[in-house]
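A.B. asks:
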């Protein structure tokens, strides 16, 4: 798990920020085709709703539309999952993950 987080943190330092190579390729093609917004717009939409540090991003097709799934840590240390419509930047869902304690 620590190795995965390290890789993810390092990938957050580069643009575009994506969890793996497949996501990167899919996102690049979708962006070039005008199907999704730039990742900077998605991250801005996310922080407007729930400020925090993004630790994971995935790009998925869901019911025929592109959706970014983000995990972020709030300034208070809480973990959240967020879904954002990749074409419009609309936040579709935000859920706080429960502590395992």
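Numbering (mature numbering (1 follows the signal peptide of the UniProt record, and there is no 0)), first residue to last: -19 to -1, 1 to 82.
Cβ coordinates follow ideal geometry from the N, Cα and C atoms, glycine included.
Source: prediction; values computed, not measured.
1. First and last residue of the alpha helix (DSSP H) that includes residue 23?
2. How big is the Cα-Cα spacing for residue 49 and residue 13?
3. For residue 59, which option in 46, 34 and 19 has the closest C-alpha, if you only look at C-alpha atoms?
4. Exposed or buried, residue 71, counting other C-beta atoms within 10 Å across all chains shown (16 or more means buried)?
5. Taking only three categories from DSSP, how would you classify residue 130?
6. Starting from residue 17, follow the beta strand (DSSP E) in both directions and report where the run begins and ends.
7. Would you tell me roughly how many angstroms separate the C-alpha atoms of residue 79 and residue 54, rounded to the nearest one?
8. Measuring CA to CA, which of 18, 40 and 8 is closest to residue 68?
9. Where do the ends of the beta strand (DSSP E) carrying residue 37 lie?
C.D. replies: On the basis of the data shown:
1. Residues 20 to 30.
2. Going by the C-alpha atoms only, they are around 17 Å apart.
3. Of 46, 34 and 19, the residue nearest in Cα terms is 34.
4. Counting of Cβ neighbours within 10 angstroms places residue 71 among the exposed residues, the total staying below 16.
5. The structure shown does not extend to residue 130, since the chain is modelled only from -19 to 82, so the question has no answer here.
6. In the DSSP annotation of this structure, residue 17 is not part of any beta strand (DSSP E), being labelled neither H nor E.
7. The alpha-carbon of residue 79 is positioned some 12 Å away from that of residue 54.
8. If we check each option's Cα against that of residue 68, 18 comes out closest.
9. 34 to 43 is the extent of the beta strand (DSSP E) around residue 37.
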